[in-house]
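Residue numbers (our numbering): 241 to 381.
Here it is as structure tokens:
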């Protein structure tokens, strides 16, 4: 788990860990606050290889100040998060969600800072067929 990896880093039981989590992550905040742990970014070469081999990854940057010791952006991998629903979900519910994502982002950002990164432009690259309400919503924009 993230917490176990962070604790093992803090306690010196392991030298490194790769954790796939949005920032700021509580376990990483705790580890960087209570130990000399630091974040190490990936080189452009390694990132390029990862993007080629695993197209579901995209470029990620951990911003300055996200954690203690992060004084320059840290290059990392990012993974898109998707909202999936059953085909029979009400079109009204789907449209309401899309409108919230587009028009009321500030409310979502109050819940979690990562909401700033929601990009509805990625809808067309979804890995599964889109809900009919999503298709109509895209056509209207």
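Note that beta-carbon positions come from the ideal geometry of N, C-alpha and C, so glycine has one too.
- Straight-line measurement puts the Cα of residue 288 at about 13 Å from the Cα of residue 318.
- Close CB contacts of residue 302 within its chain, under the 7 Å cut and outside five residues either way in sequence, are with 263, 279, 310, 313, 314, 316 (chain order).
- For residue 329, the CB contacts under 7 Å within the same chain, skipping 5 residues up- and downstream, are 371 in chain order.
- Residue 342 and residue 368 have their C-alpha atoms some 21 Å from each other.
- For residue 348, same chain residues with a beta-carbon under 6 Å away, outside a window of 5 residues either side, are 355 in chain order.
- Non-local C-beta neighbours of residue 290 in its own chain, meaning closer than 7 Å and more than five positions away in sequence, comprise 297, 317, ordered along the chain.
- Nearest Cα to residue 272 within the set 362, 282, 284, 256: 256.
- The three-state reading of DSSP puts residue 291 in helix, counting H, G and I together.
- The residue among 245, 292, 335 with its C-alpha nearest the C-alpha of residue 378 is 335.
- When the Cα atoms are used, residue 265 and residue 358 turn out to be separated by approximately 18 Å.
- If you draw a straight line from the Cα of residue 275 to the Cα of residue 284, it comes to about 28 Å.
- One Cα belongs to residue 250, the other to residue 365, and the distance between them is close to 39 Å.
- The beta carbon of residue 282 lies closer than 8 Å to those of 290, 315, 316, 317 in the same chain, with the five residues before and after it left out.
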